[in-house]
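In the numbering used here, the protein residues as written are 4 to 128. Cβ coordinates follow ideal geometry from the N, Cα and C atoms, glycine included. Here the structure is a predicted model, which means the values were calculated and not measured. Notes follow the structure.
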């Protein structure tokens with residue numbers, strides 16, 4: 004995943020958040036990836052998300068770590084299924100919308116995590 008798209012995703016999560024915030028975007032970790040019936044040890048960026056409030060079955064302070072590899076696969080699936088998003092993302096990372104990020108994270112976590120981002124950004128002073 005391009006760095007600009009990754010950073011735009013972090014910015015969008017934090018600006019359109021409801022109950023979850025992007026904690027750390029610059030963390031690296033090792034993950035085991037299964038490809039072609041083999042296991043590979045891979046070092047990649049990990050997106051850390053943290054719940055701000057109690058929401059559904061998740062307590063306040065629950066954290067999730069999503070490896071960049073999963074985000075890449077989810078982004079590729081989302082681009083194949085959503086033609087308008089594909090055209091917008093070809094123009095640049097700044098055209099990434101909250102609904103796009105929500106769908107990418109939901110796909111990357113296999114439906115376990117729905118961000119429920121707002122349409123309008125939160126402005127903090």
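**Request:** Give a yes or no on contact between the stretch 38–57 and the stretch 18–25, applying the rule of three or more CB pairs nearer than 8 angstroms.
**Result:** yes
**Item:** Segment limits, alpha helix (DSSP H) that includes residue 87
**Value:** Counted from its first residue, the chain shown places residue 87 at position 84. 86–94 is the span of the alpha helix (DSSP H), which, as asked, contains residue 87.
**Request:** Give the C-beta separation of residue 122 and residue 101 to the nearest angstrom, bearing in mind that I take them to be a contact with Cβ-Cβ under 8 angstroms.
**Result:** By one-based count along the chain shown, residue 122 stands at place 119. By one-based count along the chain shown, residue 101 stands at place 98. About 6 angstroms separates the two Cβ atoms, so the contact holds.
**Inter-residue Cα distance where the pair is residue 125 and residue 18** = Residue 125 sits at position 122 when you count from the first residue of the chain shown. Residue 18 sits at position 15 when you count from the first residue of the chain shown. If you take the alpha carbons of residue 125 and residue 18, they lie about 5 angstroms apart.
**Asked** In whole angstroms, what separates the C-alpha of residue 97 from that of residue 120?
**Response** Taking the first residue of the chain shown as 1, we reach residue 97 at position 94. Taking the first residue of the chain shown as 1, we reach residue 120 at position 117. So the two alpha carbons sit approximately 17 angstroms from each other.
**Asked** Excluding sequence positions up to five away, which residues of its chain have a Cβ less than 7 angstroms from the Cβ of residue 109?
**Response** The residue labelled residue 109 in the question sits at position 106 within the chain shown. Within the same chain, residue 109 has close Cβ partners 116 and 117.
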